[in-house]
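Residue numbers (UniProt numbering): 1 to 167.
Here a beta-carbon is modelled for each residue, glycine too, at the ideal position from N, C-alpha and C.
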């Protein structure tokens with residue numbers, strides 16, 4: 001595998017990242033990454049970008065003030081994406097290592113949410129292997145607990161939340 005680098009989001013990244021996802025047919029507009037850049041500058045979100053041989057390969061964000069109320073001060077890893085051509089090559093693990101190291105400097109625990117359908121299968125397995133445990137609050141939809149017996153769409157907003165002790 002070509003050499004990879006994990007670094008902070010830079011001003012020239014939004015156009016490159018948005019183009020990479022547009023080529024895959026994914027709706028991730030450039031404005032999303034411009035917002036991330038502004039949030040990073042304000043210190044509310046860190047964005048880690050992976051490159052392989054100088055090419056964009058993936059990213060994740062650390063939201064320092066999770067909007068998921070039960071986390072109450074626990075930073076949350078969000079929006080973790082590795083381009084398909086770079087999966088199963090250590091890029092995702094390197095991004096997670098960097099994010100966990102960064103969070104450990106400020107918090108003993110980190111959290112994240114993972115989708116429930118098959119597209120999230122590799123992520124589900126990776127989080128368990130890395131020591132993440134469900135937070136015990138069941139399925140969440142749009143940041144709210146799913147009431148037993150109710151119906152929800154199984155889409156990107158249906159998640160199970162996990163935490164991991166870092167220190």
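In its own chain, which residues sit with a C-beta less than 7 angstroms from the C-beta of residue i, not counting the 5 before and 5 after it?
i	result
residue 29	18
residue 79	60 and 61
residue 98	6 and 48
Going by CA-CA distance only, name the one from the options that's closest to residue i.
i	options	result
residue 75	26, 83, 98 and 112	112
residue 68	162, 43 and 166	162
residue 143	136, 22, 160 and 133	160
residue 134	118, 114 and 158	114
residue 167	110, 96, 90 and 152	110
residue 31	91, 16 and 42	16
Below 8 angstroms between beta carbons: does that hold for residue i and residue j?
i	j	result
residue 57	residue 24	no
residue 168	residue 35	No answer is possible for residue 168: it lies beyond the span of the chain, which begins at 1 and ends at 167.
residue 64	residue 45	yes
residue 13	residue 33	yes
Could you tell me which residues DSSP pairs with residue i in its beta bridges?
i	result
residue 165	109
residue 6	50
residue 144	141
residue 61	47 and 78
residue 158	141
Do three or more CB pairs link the segment 39 to 55 to the segment 4 to 14 at distances below 8 angstroms? yes
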